[in-house]
Amino acid sequence: MKKAINLLLGLVLILGACSKETSLDQAEYSDNPLFYFSGSVNGLPININAGQDGYAMHTRYFLEDSVLHMESLLAADSPVFREAFRVDIHGGVLSNSISNTGYSASLVNGPIALADASGFPRRPNVYDYIFTSDSLNGNIPLQWTTPDSTYSGDSCSFLAVNALHRQDFKVEMRSAGPLSCTPLVAHIIQTQGDCKAEMHILKSTNSVLMAEARPRVGNIKSIQWSVNDQNVGTGLALSYDVIGFSPGYRLEAKILFESGCEEVIEKVILAGSPQCDINLNYQKLAHRNYNPHNLATVTVSYFDASGKQYSSNYAYNTGHFSIEAIANYDESSVTNGNNKNHKRFSFSGDLVLKASDGSTVQLDNIFGILAVEHPD
């Protein structure tokens, strides 16, 4: 699908059901729609094509609270929008004049943050990780090591991991004292995946090592176990005969999940009771930046069959929206010879939209092509 869209954007563009008038009765139509929106709404498929069933693509720009708004709307010829779709791209700078605004800071290829009513929009592909210990015994001195820093304490925070720049990273928790028989626990975490597991030591004597892996998030597909870099078995549980334990005896589990993501867990094991085993746990949270004007963000709206509006602009929203490709769009034939500044773009996303009464709709696997008019 995306390859076909990119080819379309490289061709000479043909007029197709676009209007810049604020009234819907000014739309012009074509049998070959250039603009559309597809996907599913609450699990039901939806396809809206400009030039069919009375639908047209409308675009405008305006300045509101010193922020440029570039709006695209797919709607039928009606005073009330029903089963309509709208994208509002916000400019990247504050300005007191429309002539001093620009589109280039916000209309760019790649993921774009959703405008958020809290003033803390989520940064796409950036996550905050918060690590904590998980032990049957408290008061164990801990030291944490991440790729950037070392911390001491019960927990540590490793913030702003950009998943586009760092595919995975290692976090290590060292423990000391007689209450711990696992002086080291380490996880290699994939930043783009949403899977998580833990390793439990069931028995550790001078002759037998028994352990198992348990999922926290996701379903485990397979595990490869190794002791001191030697493969020793597969499966959810391990029973391994050893000759003596000593400090530095290292057990590793490479865990593959059904979703395709992978996590590697390492432990240094000493002989002792399972009650002295410790684990680390972590939360993966959306990273949000303070941006009270919601600069360089986007608001996505959907109007259902009754005209009820659902929007992505609510506090601490969820989902993602991405601009896949951008091309120039010359619409001089529509504007009676007065050439306007337009950009035509394809997009994708998955979002939860919310209405003023708190009800929500789920948009999944959305894709389409729209255009925006801009002042420069």
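Note that our numbering has the sequence shown beginning at 22, numbered continuously upward. We put the CB at the ideal spot given by N, CA and C, even for glycine. All values derive from a computational prediction rather than experimental measurement.
Inter-residue distance for residue 258 and residue 322 is about 49 angstroms (C-alpha atoms, whole angstroms). Comparing alpha-carbon positions, the option among 238, 240, 260 lying closest to residue 248 turns out to be 260.
In this structure, residue 208 places its C-beta atom within 8 angstroms of the C-beta atom of residue 284. Restricting attention to beta strand (DSSP E) runs no shorter than 3 residues, the stretch 251-283 encloses them at 251-255, 258-262, 270-278, ordered along the chain. Closest option to residue 318, judged by alpha-carbon separation, among 328, 330, 334, 326: 334. For residue 372, the uninterrupted beta strand (DSSP E) run begins and ends at 363-375, by DSSP. Looking from the CA of residue 181, the closest CA among 131, 169, 147 belongs to 147. Distance check between residue 90 and each of 125, 169, 99 places 125 closest, using alpha-carbon atoms only. Within 10 angstroms of the beta-carbon of residue 96 lie 16 or more other beta-carbons, which makes it buried. When DSSP states are grouped into helix, strand and coil, residue 120 belongs to the helix group. Per the DSSP secondary-structure output, residue 193 pairs in a beta bridge with 166, 207.
Secondary structure in the stretch 213-252: the beta strand (DSSP E) runs of 3 residues or longer, each lying completely within the stretch, are 217-225, 229-238, 241-248 in chain order. For residue 101, no beta strand (DSSP E) segment is defined, and its DSSP state is neither H nor E. Setting aside the 5 residues that flank it on each side, residue 183 is surrounded in the same chain by 147, each with a C-beta closer than 6 angstroms to its C-beta; the list follows chain order. Cα atoms of residue 154 and residue 213: separation of roughly 23 angstroms, rounded to the nearest angstrom. Excluding residues up to 5 positions away in sequence, 26, 345, 346, 390 lie with their Cβ nearer than 6 angstroms to the Cβ of residue 367 in the same chain. Per the coordinates, the alpha-carbon of residue 218 lies some 31 angstroms from the alpha-carbon of residue 135. About 17 angstroms separates the beta carbon of residue 179 from that of residue 310, a gap too long to meet the 8 angstroms contact definition. DSSP places residue 66 within a strand segment (E or B) once states are collapsed to three. Apart from the 5 residues on each side of it in sequence, residue 139 sits with its Cβ closer than 7 angstroms to the Cβ of 336, 337 in its chain, given in chain order. Per DSSP, the continuous beta strand (DSSP E) segment holding residue 305 begins and ends at 299-309. Residue 197 counts as exposed, since fewer than 16 other beta carbons sit within 10 angstroms of its beta carbon. When secondary structure is reduced to three states using DSSP, residue 142 falls in the coil class, being assigned neither helix nor strand. Bridge partners of residue 288 according to DSSP: 206, 272.
One Cα belongs to residue 72, the other to residue 58, and the distance between them is close to 12 angstroms. Using a 10 angstroms sphere on the CB of residue 226, the tally of other CB atoms stays under 16, which defines it as exposed. Looking only at 265, 77, 369, 150, the smallest Cα-Cα distance to residue 177 is reached by 150.
For residue 303, the closest alpha carbon among the candidates 210, 60, 100 is that of 210. Proximity of the stretch 113-122 to the stretch 275-289 falls short of the contact definition, fewer than three beta-carbon pairs being nearer than 8 angstroms.
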